[in-house]
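Quick notes on the structure that follows.
There are 6 protein chains.
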Amino acid sequence: MRPSGRAPDQMRAVTIERNVSLKAEGSCLVSFGNTRVLCTASVETSLPGWLRGKGQGWVTAEYGMLPRATGTRTRREATAGKQSGRTQEIQRLIGRSLRAVVDLTALGESQITLDCDVLEADGGTRTASITGAYVALSDAIRWLEERKLTKGPVLKDSVAAISCGIYRGSPVLDLDYLEDVEAETDANFVMTGAGKFVEIQGTAEGAPFDRAELDALMTLAGKGISELTELQKAALSA
Amino acid sequence: MRPSGRAPDQMRAVTIERNVSLKAEGSCLVSFGNTRVLCTASVETSLPGWLRGKGQGWVTAEYGMLPRATGTRTRREATAGKQSGRTQEIQRLIGRSLRAVVDLTALGESQITLDCDVLEADGGTRTASITGAYVALSDAIRWLEERKLTKGPVLKDSVAAISCGIYRGSPVLDLDYLEDVEAETDANFVMTGAGKFVEIQGTAEGAPFDRAELDALMTLAGKGISELTELQKAALSA
Amino acid sequence: MRPSGRAPDQMRAVTIERNVSLKAEGSCLVSFGNTRVLCTASVETSLPGWLRGKGQGWVTAEYGMLPRATGTRTRREATAGKQSGRTQEIQRLIGRSLRAVVDLTALGESQITLDCDVLEADGGTRTASITGAYVALSDAIRWLEERKLTKGPVLKDSVAAISCGIYRGSPVLDLDYLEDVEAETDANFVMTGAGKFVEIQGTAEGAPFDRAELDALMTLAGKGISELTELQKAALSA
Amino acid sequence: MRPSGRAPDQMRAVTIERNVSLKAEGSCLVSFGNTRVLCTASVETSLPGWLRGKGQGWVTAEYGMLPRATGTRTRREATAGKQSGRTQEIQRLIGRSLRAVVDLTALGESQITLDCDVLEADGGTRTASITGAYVALSDAIRWLEERKLTKGPVLKDSVAAISCGIYRGSPVLDLDYLEDVEAETDANFVMTGAGKFVEIQGTAEGAPFDRAELDALMTLAGKGISELTELQKAALSA
Amino acid sequence: MRPSGRAPDQMRAVTIERNVSLKAEGSCLVSFGNTRVLCTASVETSLPGWLRGKGQGWVTAEYGMLPRATGTRTRREATAGKQSGRTQEIQRLIGRSLRAVVDLTALGESQITLDCDVLEADGGTRTASITGAYVALSDAIRWLEERKLTKGPVLKDSVAAISCGIYRGSPVLDLDYLEDVEAETDANFVMTGAGKFVEIQGTAEGAPFDRAELDALMTLAGKGISELTELQKAALSA
Amino acid sequence: MRPSGRAPDQMRAVTIERNVSLKAEGSCLVSFGNTRVLCTASVETSLPGWLRGKGQGWVTAEYGMLPRATGTRTRREATAGKQSGRTQEIQRLIGRSLRAVVDLTALGESQITLDCDVLEADGGTRTASITGAYVALSDAIRWLEERKLTKGPVLKDSVAAISCGIYRGSPVLDLDYLEDVEAETDANFVMTGAGKFVEIQGTAEGAPFDRAELDALMTLAGKGISELTELQKAALSA
């Protein structure tokens, strides 16, 4: 029995509200239940030095959490003077995940920075970030296309992410915070709209897991990603 | 003629939406036109070492801006490794402004941290922050009162803030971004509900100003603060 | 009754000793009673990147305090690894105040950096810094003029600064440290030789203040600035 | 055809030289072909504050790379002033992997820090680090056991790690640097001696991968881990 | 022929002005020609954690240079965010030199921090710092003695420092800046009043030097230290 | 009697193993007894900005210590966020020492960085570093010569370093850790193959020392350097 009463293969209510920023070239507010992340895509036409003149663009991401997104206040990273290892790990993952579906040559000499800022955290902030960032990215690419700044189709596929885990012995989809702290195994899956894997990260928090358990998680993830892909499509065609 | 078509003594539409955070002891989303700031109040019952055992509490504030709150993306301070001088100046101002209406002894041995995070910036982020932070603070104090953790009435008055400036030769109330970049003089007023001054900061951006001009700004500010005070009251009794 | 026995509208003894540095293009040691600040102006002919090619120069300031300028030793900021919020706030104020009387286009493509280092602190270090920095700046501009490196008159007016406050219920001019820690209201005024305002910063440390009190402080400030302006003139013509 | 001429399921020559440090409570020099990592385990009997009094110990890890472990010199992180995101990600992984086989309560109130310093890097430094760190950790635990400082069997199983990847379309075991830069998919597997998973990290560097490819990698990984487990046993019984 | 016209064994005019700080427990302004250093000694009765309860005190030093102490402005270390290697090297030397003549047990549980801040730099700032810091330290120890806070005679001897060098082939005493930049060999000697060595640092800036040259420098240094010792005595008995 | 049973003028067993790095242009593992330092020389053909276009190259050094090179674990400097004063002092010394025997103009527009990383520390790490770094440097220069990238003979002489000290009243050569912590005087000598001094650093750790003692240490150092010079020659001709 899950704390939320959800079925094992049931995701939380997911919503994607587009164009929430007046200034960003792409943006959305994505919610996975009580987890809410503001994603903006900022287009910069000057590339960082190390990329200039290579005939391609770049997509990168930064992640942050408002201090009181969490149950007790977390220290602001700007005050601490550095991003935590966890933050860096997540923003590197978001960037890699998005680049996996982007044709950087077709993008042309632009850089798109995705900022994923967690307003409220209730588990699954990294997967919500990837799912929302894809929508913001898509809008930023449309913005470039409208200005004829791309050199062909930029997006090769869509990308979304979901967490799964072994909670009290059973595989479940889309862990919320209460499940996350207690789960024996926690896995994040980043997958394309076509159902292929971009990234898998599985961690035994309690007991090590076996191949059968991993298989069960992969099946759940496939179902979740397919639902998220539909929601992304709907949001982008709204 | 103001870019927005407002009258010289007309504020932007101001809204205060309370209880926007599921976790914070007090919170609101305050908007001054297109400027939007998320304010949360976090109660901590363990005081920092230098305050412990003095029989009083503390109120402090931190300020941040999401990277794409601005027209072009601003570097994330957590990545830069430090808060800018501007950020520190603003958060010190917010903290001082709130403490001016708080009886720290009555507060008891608690610390309340106000986080003001700018989601969208269109001028006046520091004055919106103070105005919203007061509302979040009030709710956090109620939370403490309900738990009998205070030692008497904590709030001595309400506090709000507004900017004024000399724009194209005329004194105007509540500068938006377009006015702010062009104003000859820019002044921020922090005032109590009773109409007294907590902080005045006037800066000649172009030509120095004289006492008559300052008087005109003070009159405008008084009008604005009185409207903001009503809005705070309405929000808190909703 | 003031701790120093001064009349309410009486400043401390102010002295400005010019050319105290063998190397700087302008320098002075300014004393407001026991507060002593060493001000140097350094001319650099290479502008920072963001200003180059705009046909104008720049004036900026940095502020520091020797560790034992204070009653108990203060941690050295170079050891702490960063400037405090207070330090940044002060040096930004000094820079803005000086730029208010400088025609940056007439200055030509030079940058002048004012370093204000407090040797002894007894209240009013920021106002002494501005007052002394103006003198050092004037000498640096003469140095540029002698070398025909300016494009017309650079200084539009002189600038000086003074603090005032409500101490034990009465408005007083030029707070020393003992008054500063106890004052209900503390205000700093930066004004031109012509008597106009460049910056006003008034803060209620205890009770909020009203317009009548602010008026009284402005009157005192006007008197103080006029005396400081005479002392600056005398120093610069010595 | 692999650059090294190895068969697809063939690991590089792996050696584990124990007790290479005169001072550490456990240590080894582990080589996976030309990748060489010095692993030391340091026992500290004073726990960090947040763990004290909880009746359990802690195992943590730090990772570093000598500047010229790489083909061109890499900037020293101590000079750069911070550990890179990659470094933090790796050392967090090493720590998690080891803790998965440690009974922290049986460990008693000791902290063991594993330092994995790469002397020479030719791909697979994180997997070599985990494999070697387990050996150093085992010796450190023996050291504690000899002093009767543990409260029962500390190690629940052994742990080792290996990378696999899709290189030019084929699944291969234990990528070296030349393969790593070119691989379409790169996956790291951390597994117990009993063959269960502690951590899986699979990343599509080029094209996304499917479940059949992941299955192939898992099979290779299982073979590799079983060989590494034998080598660890042999080293520890030498 | 030296640029200053001094004889090879002639020091610059050295002056030591005591009690220049109103607040420090000991202070002096020391000048070696145009090199001027403000030295303050601050007594703190709370020891750093690692020294507490050992029945002894500590003497430490910090060194700084005002940005325009030099011919062209040097970046402020507080702005740069760290002390340079040179600064740290010098302040470690000053601390070691002073501790060499202090009986830390007799000092009791106090810490004395010497701040040496260079107001004007013309060569020999570290030797001037040590020479002046000894005088400030002596006064701070008298301050402690007057309050009966010591446990016997604290100072075992006096200590002073001087530089020598091979300039255009000849050994000379007390290098000024013009000599320093050109000297083939530069050596700093820290010696006690009794004529013994506390620290020798000799560096070949150009050609390596031989034992005869080093002997000549040692003889010059002995002469210089003996003059400095007299000046310290005179200052302390004034 | 020395703890190791060595004669007063007897060095520890010194070995220099060349070409221990597969990638560096020069490298060696140098051992002075149990002190072991890995030295690599990295050639970079792009000079730092401040040296470009001056028709000369540069030689610089960095120093580090693995956390468990010491008896108890030392905090990793990359984690601490900065290099200690001691580390900076040592790496500056290594750089200066090597440059003393290098003709920077003959080197051409290349930069050689020496990394000295201490694997095991038992006293004398800085002198071992200099001695080994010279060997790595020599190989890097040969590498440049083979590619015709130099403009004449680069090395003017060899350079090596050794420590001496007064241990229990007697001058001894090459202090190990046990002697180092107890020595009254500790001196490091950097000398050329021709027997001239490049750098002398003598420090009284306990009682100040006199000229006779220093003379004894210089004699010992001369003997040690002459043995080290032979070992360097042998290593380089192997």
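Residue numbers (full-length UniProt numbering), protein chains in the order written: chain B, 1 to 238; chain G, 1 to 238; chain A, 1 to 238; chain V, 1 to 238; chain L, 1 to 238; chain Y, 1 to 238. We treat Cβ as the ideally placed atom computed from N, Cα and C, and that holds for glycine.
- In the displayed model, residue 18 of chain Y falls within a strand according to three-state DSSP.
- By the Cβ criterion, the region 48-56 of chain G is not in contact with the region 44-60 of chain B, since fewer than three pairs of Cβ atoms, one from each stretch, lie closer than 8 Å.
- Take residue 160 of chain B, set aside five residues on each side of it, and the residues of its chain with a beta-carbon closer than 7 Å to its own are 130, 131, 134, 191, 225, 228, 229, 232, in chain order.
- Residue pairing of residue 62 of chain Y in beta bridges, as defined by DSSP: Y:115.
- Sorting Y:186, Y:136, Y:2, Y:4 by C-alpha distance to the C-alpha of residue 237 of chain Y places Y:136 at the top.
- Against chain L, the beta carbon of residue 218 of chain Y has neighbours under 7 Å at 211, listed in chain order.
- One alpha carbon belongs to residue 105 of chain G, the other to residue 208 of chain A, and they sit about 18 Å apart.
- Taking 7 Å as the Cβ-Cβ cut-off, the UniProt domain "Exoribonuclease phosphorolytic" (158-223) of chain G approaches chain A at 192, 196, 197, 198, 199, 200, 201, 202, 203, 204, 208, 209, 210, 211, 214, 218, given in chain order.
- At least 8 Å separates the beta-carbon of residue 155 of chain L from that of residue 166 of chain L.
- Per DSSP, the unbroken alpha helix (DSSP H) holding residue 218 of chain L starts and ends at 211-237.
- Take residue 36 of chain Y, set aside five residues on each side of it, and the residues of its chain with a beta-carbon closer than 6 Å to its own are 119, 120, in chain order.
- Taking a C-beta cut-off of 7 Å against chain B, the contacting residues of the UniProt domain "Exoribonuclease phosphorolytic" (10-140) of chain V are 82, 85, 88, 89, 92, 96, 100, listed in chain order.
- In summary, residue 139 of chain A is buried, with 16 or more beta-carbon neighbours lying within 10 Å of its beta-carbon over all protein chains present.
- Excluding sequence positions up to five before and after residue 115 of chain L, its CB lies within less than 6 Å of the CB of 40, 62, all in the same chain and listed in chain order.
- In the DSSP assignment, residue 88 of chain G falls within the alpha helix (DSSP H) that extends over 85-99.
- Bridge pairing for residue 26 of chain G: G:41 [DSSP].
- Per DSSP, the continuous alpha helix (DSSP H) segment holding residue 145 of chain V begins and ends at 125-146.
- Residue 160 of chain Y: member of the beta strand (DSSP E) spanning 159-167, first to last residue.
- Note: residue 199 of chain V is bridge-paired with B:203, V:190 in the DSSP secondary-structure output.
- Where residue 173 of chain L is concerned, the enclosing beta strand (DSSP E) starts and stops at 170-173.
- Taking a C-beta distance under 8 Å as the contact criterion, residue 42 of chain L and residue 25 of chain L qualify as a contact pair.
- With fewer than 16 neighbouring CB atoms inside 10 Å of its own CB, residue 80 of chain V falls in the exposed class.
- Spanning the alpha carbons of residue 21 of chain V and residue 74 of chain Y requires a straight line of approximately 14 Å.
- Listed as beta-bridge partners of residue 120 of chain B by DSSP are B:36.
- Distance from the CA of residue 175 of chain A to the CA of residue 34 of chain L, rounded to the nearest whole angstrom, comes to 35 Å.
- 8 Å or more divides the Cβ of residue 88 of chain V from the Cβ of residue 78 of chain Y.
- Beta-bridge annotation (DSSP): residue 185 of chain L is paired with L:166, L:204.
- Of the residues V:17, V:6, V:1, the one whose Cα lies closest to the Cα of residue 234 of chain V is V:17.
- According to the DSSP secondary-structure assignment, residue 154 of chain Y is paired through a beta bridge with no residue.
- In this structure residue 32 of chain B is in contact with residue 124 of chain B, their Cβ atoms being roughly 5 Å apart against a cut-off of 8 Å.
- Contact check for residue 60 of chain Y and residue 111 of chain Y: beta-carbon distance about 7 Å, within the 8 Å limit, so the pair qualifies.
- Between residue 93 of chain Y and residue 199 of chain Y, the C-beta gap is smaller than 8 Å, which places the two residues in contact.
- Taking residue 1 of chain V as reference, the option from V:171, V:194, V:214, V:213 with the minimal CA-CA separation is V:171.
- Beyond the five residues adjoining it in sequence on each side, residue 194 of chain G comes within less than 6 Å, by CB distance, of 157 in the same chain, given in chain order.
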